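Taken in order, these protein sequences are the chains called A and B. Letter by letter, the first sequence follows residues 1 to 470 in UniProt numbering. Letter by letter, the second sequence follows residues 1 to 402 in UniProt numbering. What follows is a set of notes on a single structure, which appears directly below.
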Amino acid sequence: MTTAAHPELEGLGRYKFGWADSDAAGASARRGLNEEVVRDISAKKNEPEWMLDLRLKGLRLFGKKPMPTWGADLSAIDFDNIKYFVRSTEKQAASWDELPADIKNTYDKLGIPEAEKQRLIAGVAAQYESEVVYHQIREDLEKQGVIFLDTDTGLREHPEIFQEYFGSVIPVGDNKFAALNSAVWSGGSFIYVPPGVHVEIPLQAYFRINTENMGQFERTLIIVDEGAYVHYVEGCTAPIYKSDSLHSAVVEIVVKKDARCRYTTIQNWSNNVYNLVTKRAVCYEGGTMEWVDGNIGSKVTMKYPAVYLMGEYAKGETLSIAFAGEGQHQDAGAKMVHNAPNTSSTIISKSVARGGGRTSYRGLVQVQEGAEHSKSTVKCDALLVDQISRSDTYPYVDVREDDVEMGHEATVSKVSEDQLFYLMSRGLTEDEAMAMIVRGFVEPIARELPMEYALELNRLIELQMEGAVG
Amino acid sequence: MGVETRPLSTLHERTSYDVADFPVPTGREEEWRFTPLRRLRDLHKGAEADGKVVVDVDAAPEVKVETVGRTDERVGKAYVPADRVSAQAYASFAQATLITVPKEVVATSPTVVTLRGEGGVAYGHTTVVLEPFAQATVVLDHIGTATYADNVEFVVGDGASLSVFSLQNWADDAVHLSHQHARLGRDAKFTSFTVSLGGDVVRIAPSVAYDAPGGDAELYGVYFVDKDQHIEHRLLVDHTTPNCRSRVDYRGALQDEGAHTVWIGDVIIRAEAEGTDTYELNRNLVLTDGTRVDSVPNLEILTGEVAGAGHASASGRLDDQHLFYLQARGIPHDVARRMVVRGFLGQLVDKITVPDIQEQVRTAIDKELDRGGASGAAGAAKQAVRGASDEPGATIEQELDR
Numbered sequence: 001m002t003t004a005a006h007p008e009l010e011g012l013g014r015y016k017f018g019w020a021d022s023d024a025a026g027a028s029a030r031r032g033l034n035e036e037v038v039r040d041i042s043a044k045k046n047e048p049e050w051m052l053d054l055r056l057k058g059l060r061l062f063g064k065k066p067m068p069t070w071g072a073d074l075s076a077i078d079f080d081n082i083k084y085f086v087r088s089t090e091k092q093a094a095s096w097d098e099l100p101a102d103i104k105n106t107y108d109k110l111g112i113p114e115a116e117k118q119r120l121i122a123g124v125a126a127q128y129e130s131e132v133v134y135h136q137i138r139e140d141l142e143k144q145g146v147i148f149l150d151t152d153t154g155l156r157e158h159p160e161i162f163q164e165y166f167g168s169v170i171p172v173g174d175n176k177f178a179a180l181n182s183a184v185w186s187g188g189s190f191i192y193v194p195p196g197v198h199v200e201i202p203l204q205a206y207f208r209i210n211t212e213n214m215g216q217f218e219r220t221l222i223i224v225d226e227g228a229y230v231h232y233v234e235g236c237t238a239p240i241y242k243s244d245s246l247h248s249a250v251v252e253i254v255v256k257k258d259a260r261c262r263y264t265t266i267q268n269w270s271n272n273v274y275n276l277v278t279k280r281a282v283c284y285e286g287g288t289m290e291w292v293d294g295n296i297g298s299k300v301t302m303k304y305p306a307v308y309l310m311g312e313y314a315k316g317e318t319l320s321i322a323f324a325g326e327g328q329h330q331d332a333g334a335k336m337v338h339n340a341p342n343t344s345s346t347i348i349s350k351s352v353a354r355g356g357g358r359t360s361y362r363g364l365v366q367v368q369e370g371a372e373h374s375k376s377t378v379k380c381d382a383l384l385v386d387q388i389s390r391s392d393t394y395p396y397v398d399v400r401e402d403d404v405e406m407g408h409e410a411t412v413s414k415v416s417e418d419q420l421f422y423l424m425s426r427g428l429t430e431d432e433a434m435a436m437i438v439r440g441f442v443e444p445i446a447r448e449l450p451m452e453y454a455l456e457l458n459r460l461i462e463l464q465m466e467g468a469v470g
Numbered sequence: 001m002g003v004e005t006r007p008l009s010t011l012h013e014r015t016s017y018d019v020a021d022f023p024v025p026t027g028r029e030e031e032w033r034f035t036p037l038r039r040l041r042d043l044h045k046g047a048e049a050d051g052k053v054v055v056d057v058d059a060a061p062e063v064k065v066e067t068v069g070r071t072d073e074r075v076g077k078a079y080v081p082a083d084r085v086s087a088q089a090y091a092s093f094a095q096a097t098l099i100t101v102p103k104e105v106v107a108t109s110p111t112v113v114t115l116r117g118e119g120g121v122a123y124g125h126t127t128v129v130l131e132p133f134a135q136a137t138v139v140l141d142h143i144g145t146a147t148y149a150d151n152v153e154f155v156v157g158d159g160a161s162l163s164v165f166s167l168q169n170w171a172d173d174a175v176h177l178s179h180q181h182a183r184l185g186r187d188a189k190f191t192s193f194t195v196s197l198g199g200d201v202v203r204i205a206p207s208v209a210y211d212a213p214g215g216d217a218e219l220y221g222v223y224f225v226d227k228d229q230h231i232e233h234r235l236l237v238d239h240t241t242p243n244c245r246s247r248v249d250y251r252g253a254l255q256d257e258g259a260h261t262v263w264i265g266d267v268i269i270r271a272e273a274e275g276t277d278t279y280e281l282n283r284n285l286v287l288t289d290g291t292r293v294d295s296v297p298n299l300e301i302l303t304g305e306v307a308g309a310g311h312a313s314a315s316g317r318l319d320d321q322h323l324f325y326l327q328a329r330g331i332p333h334d335v336a337r338r339m340v341v342r343g344f345l346g347q348l349v350d351k352i353t354v355p356d357i358q359e360q361v362r363t364a365i366d367k368e369l370d371r372g373g374a375s376g377a378a379g380a381a382k383q384a385v386r387g388a389s390d391e392p393g394a395t396i397e398q399e400l401d402r
């Protein structure tokens with residue numbers, strides 16, 4: 001479709017968050033990675049000795065581990081060209097007005113202060129480059145003992161919790177990118193919800209990369225104590241540059257007995273960001289862990305949120321949705337490890353590929369010996385809207401216990417002429433009809449999102465599908 | 001488009017006749033990580049052939065059977081080895097068995113190839129060629145014991161139809177690694193039936209390639225894995241031309257400590273292969289504790305113009321409701337259990353078109369069920385039944401007749 005014939009469509013299909021702010025901090029930041037860089041980050045943050053040791057171990061393991069070759073093509077990442085730490089502002093702001101004008105402007109455009117004002121969220125964190133620049137939590141939650149801090153402050157104020165949990169869910173050497181994150185991590189969220197406390201409205205974090213060739217390595221640690229509940233929502237955007245940036249986060253979650261945690265991601269990085277993220281939760285007796293994972297942006301995403309079901313009747317759920325347009329490869333999926341009896345897991349994955357993009361579902365369901373009466377259901381559906389796109393499914397199932405029920409199903413379909421014809425005969429244009437079919441396809445997942453994100457997702461689908469036909 | 005700079009599929013990256021092109025597997029490679037390399041008796045490290053597998057062919061009268069040297073130009077044309085052991089087998093076999101069904105000839109009886117292992121390491125090669133519009137059934141029956149690696153080629157000409165039965169009836173200590181590759185001409189029909197029951201380590205890799213539109217491949221498999229047995233099936237269906245069809249259905253049962261099955265089902269639908277219709281299914285029935293199932297149905301799809309594409313994998317134990325239903329009708333637990341297992345595998349066994357083989361497979365499955373039950377739930381159940389009937393070792397038919 002040419003926009004010349006449709007001047008009204010000129011602005012559509014464009015990445016809405018692609019502007020870049022002036023970049024003094026980024027321009028002066030150092031490129032490349034060595035021990036000095038790691039020591040420097042640690043020193044700037046006045047960290048305890050054990051954290052520096054952990055970082056150095058991470059660096060060592062990062063150097064040792066080979067690049068993973070089983071998934072997306074990562075050969076173009078130039079680790080020497082990445083800026084590993086960019087400090088955008090000297091101190092965290094207490095209110096939006098205190099932020100430097102550029103940064104404030106960015107978050108205004110993203111609509112974050114507005115949401116906070118309207119009390120749609122219980123707390124907000126905004127990370128710009130390597131560090132969290134703004135942080136706020138509602139007073140009533142703070143009074144109940146809920147801790148919601150950026151991870152750097154969390155480490156300073158609660159070292160005992162960090163020593164116990166940091167790196168316990170995802171060890172330093174878990175994989176190459178977890179090792180990298182452990183070496184150079186900065187920012188991210190630290191959440192602790194005390195026993196029995198229900199945080200009714202979501203806590204929210206917003207991640208923004210502004211510098212070209214930036215590496216963002218946030219580290220999130222969430223602990224939901226017995227019987228507590230929290231919903232954490234994160235969103236990600238970045239400017240469009242000619243060369244690539246790297247986002248490699250590590251998210252560790254501990255869901256204790258009868259607790260429940262929901263973690264929602266709407267990843268909308270610009271198409272020059274490599275998004276290589278390790279996310280894992282351990283879930284104890286009667287607990288529930290839910291990942292809602294939306295991958296819309298980025299150049300390459302490799303992300304497989306995991307739940308280790310460690311206690312009886314623990315439950316894991318992953319809802320994953322991926323869109324791949326031109327030049328994008330979304331290699332997403334989920335991992336469920338059943339370690340205890342009567343555990344259950346569900347993975348629902350929906351993907352849409354268009355314009356030559358590639359979506360892959362890659363998942364593992366493992367049932368360890370002794371995890372009897374475990375149940376697992378995996379469903380992946382892929383929708384292809386043209387002839388040049390690609391969809392792959394790599395579902396690994398490993399069962400070491402006889403008393404289990406396992407199921408995996410996948411379908412790949414194209415948008416049928418009949419469906420399009422039906423909608424068009426009722427006056428919709430082809431684009432509108434296509435977008436409507438895709439919205440219907442992802443609806444089971446969209447309805448699990450907070451409302452403003454569901455609306456955003458629908459809007460993004462429309463943008464993605466614009467010009468998909470003809 | 002920029003996304004893909006590496007080979008198209010990460011599933012099967014390279015093929016070569018030269019062993020040196022494949023490094024010795026360490027067990028970390030994707031294609032080897034499920035296989036117990038230590039039990040391969042150095043097949044992957046180039047073990048010298050010091051044993052023998054005797055090939056005996058009972059052919060249909062219309063079919064031409066030859067034993068040819070490795071230089072015969074009709075051998076090795078359809079298939080290029082895709083892993084080290086396969087390349088080793090190709091480099092090491094002394095004589096190949098070549099079966100040809102001439103143009104438009106319909107074979108009136110199955111051609112039975114008996115491969116009898118007489119111990120030691122051996123390498124082999126079999127080529128089956130169906131000229132256009134020919135029809136035939138070929139049985140590969142593996143018996144005895146050996147450490148055996150081979151490649152089998154099936155060339156199915158335009159409009160031809162071939163049914164293949166590969167029976168792994170090995171003795172308990174056999175090691176068998178095999179690639180069985182089919183090339184299909186225009187409107188060719190290929191049905192393969194793999195029955196893996198015996199052997200210590202059995203790793204069969206059936207694959208299908210299409211040379212022209214209209215090809216139709218059906219790949220079925222039945223396996224029964226016992227104590228410490230490793231049975232692995234690695235399938236590849238590569239849709240490179242439009243309007244071809246494939247169906248894959250593999251089912252197996254596992255019993256006793258150390259029984260391990262691996263099922264890898266790879267399907268690639270390339271961009272040119274519009275109108276492809278494919279479905280693959282793997283189901284595993286776990287009868288006792290201590291077993292391990294790895295089931296991986298991979299699907300790579302590069303075009304939206306597919307007629308249908310899907311896969312499913314399910315693993316679980318016997319359904320309590322089925323057992324309850326049967327027991328409520330007075331059938332003892334152990335008999336009920338066998339009935340359910342037979343029903344589960346029977347849906348595939350019913351598709352075996354050669355009555356002799358169908359009967360043979362049924363009997364073999366019953367024998368497997370008899371063998372199990374030394375431990376776990378099956379053992380307890382069996383004892384209960386024996387207690388009831390006071391007649392140890394009664395076969396299922398006898399018990400049902402009573």
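Where is the CB? At the ideal position from N, CA and C, for every residue including glycine. Just so you know, these numbers come straight off a predicted model, no measurement behind them.
Annotation: residue 67 of chain A has no Cβ neighbours in chain B at a cutoff of 8 angstroms; minimum Cβ distance is about 12 angstroms.
Within its own chain, the residues whose Cβ lies closer than 8 angstroms to the Cβ of residue 404 of chain A, once the five positions on either side in sequence are excluded, are 338, 367, 371, 372, 373, 374, 375 and 376, listed in chain order. Note on geometry: alpha-carbon atoms of residue 353 of chain A and residue 269 of chain A lie some 17 angstroms from one another.
Beta-bridge annotation (DSSP): residue 395 of chain A is paired with A:363. Assignment of beta-bridge partners to residue 214 of chain A by DSSP yields A:83.
Where residue 204 of chain B is concerned, the enclosing beta strand (DSSP E) starts and stops at 201–210. Residue environment analysis places residue 455 of chain A among the exposed positions, since fewer than 16 neighbouring C-beta atoms fall within 10 angstroms of its C-beta. Excluding residues up to 5 positions away in sequence, 38, 55, 58, 59 and 62 lie with their Cβ nearer than 7 angstroms to the Cβ of residue 183 of chain A in the same chain.
Apart from sequence neighbours up to five positions away, the residues of its chain that approach residue 285 of chain A with a beta-carbon distance below 6 angstroms are 257, 311 and 312, ordered along the chain.
The three-state secondary structure of residue 289 of chain A, taken from DSSP, is strand.
Within the segment 382–396 of chain A, 382, 384, 385, 386, 387, 388, 389, 390, 391, 392, 393, 394, 395 and 396 place their CB atoms closer than 8 angstroms to a CB of chain B, listed in sequence order.
Straight across, the Cα-Cα distance linking residue 75 of chain B with residue 128 of chain B is about 9 angstroms. Residue 145 of chain B: member of the beta strand (DSSP E) spanning 135–156, first to last residue.
DSSP places residue 204 of chain A in the uninterrupted beta strand (DSSP E) bounded by 203–208. In this structure, the CA atom of residue 280 of chain A is about 18 angstroms from the CA atom of residue 187 of chain A. In this structure, the beta-carbon distance from residue 167 of chain B to residue 203 of chain B does not fall below 7 angstroms.
The beta carbon of residue 227 of chain B sits closer than 8 angstroms to those of 255, 256, 257, 258, 259 and 374, all from its chain and outside the five residues before and after it, given in chain order. Per DSSP, reduced to three states, the secondary structure at residue 371 of chain A is coil, with no helix or strand assignment. The segment 395–423 of chain A is shown to contain whole beta strand (DSSP E) runs of 3 or more residues at 404–414, in chain order.
Not a single CB atom of chain B sits nearer than 7 angstroms to the CB of residue 373 of chain A. Using a Cβ-Cβ cut-off of 7 angstroms, residue 412 of chain A counts as an interface residue toward chain B, since at least one Cβ of chain B sits closer than that to its own. Per DSSP, residue 173 of chain B has no beta-bridge partner at all.
Around the CB of residue 252 of chain A, 16 or more other CB atoms lie within 10 Å, so the residue is classed as buried.
Per the coordinates, the alpha-carbon of residue 188 of chain B lies some 20 angstroms from the alpha-carbon of residue 308 of chain B. Beyond the five residues adjoining it in sequence on each side, residue 226 of chain A comes within less than 8 angstroms, by CB distance, of 195, 196, 256, 257, 258 and 259 in the same chain, given in chain order.
By the neighbour-count definition (other C-beta atoms within 10 Å, threshold 16), residue 179 of chain B is a buried residue. Segment contact: the segment 169–181 of chain A against the segment 241–251 of chain A, three or more CB-CB distances shorter than 8 angstroms; contact assigned. By the criterion of a C-beta distance shorter than 8 angstroms, residue 357 of chain A is surrounded in its chain by 323, 324, 325, 326, 327, 328, 329, 330, 389 and 390, once the five residues flanking it on both sides are discounted.
Between the C-alpha atoms of residue 215 of chain B and residue 428 of chain A there is a straight-line separation of about 39 angstroms. Not one beta carbon of chain B lies nearer than 7 angstroms to the beta carbon of residue 362 of chain A. Each of B:149, B:145, B:65 and B:295 was checked against the Cα of residue 83 of chain B, and the nearest Cα belongs to B:149.
Distance from the CA atom of residue 298 of chain A to the CA atom of residue 275 of chain A, rounded to whole angstroms, is 6 angstroms. A Cβ of chain B is located within less than 7 angstroms of the beta carbon of residue 403 of chain A. For residue 86 of chain A, there are no C-beta contacts with chain B under 7 angstroms, since the nearest C-beta of that chain is about 28 angstroms from it. Residue-level contact by beta carbon fails for residue 329 of chain B and chain A, as no gap is shorter than 7 angstroms.
Just measuring C-alpha positions, the residue of B:351, B:369 and B:370 sitting nearest residue 165 of chain B is B:351.
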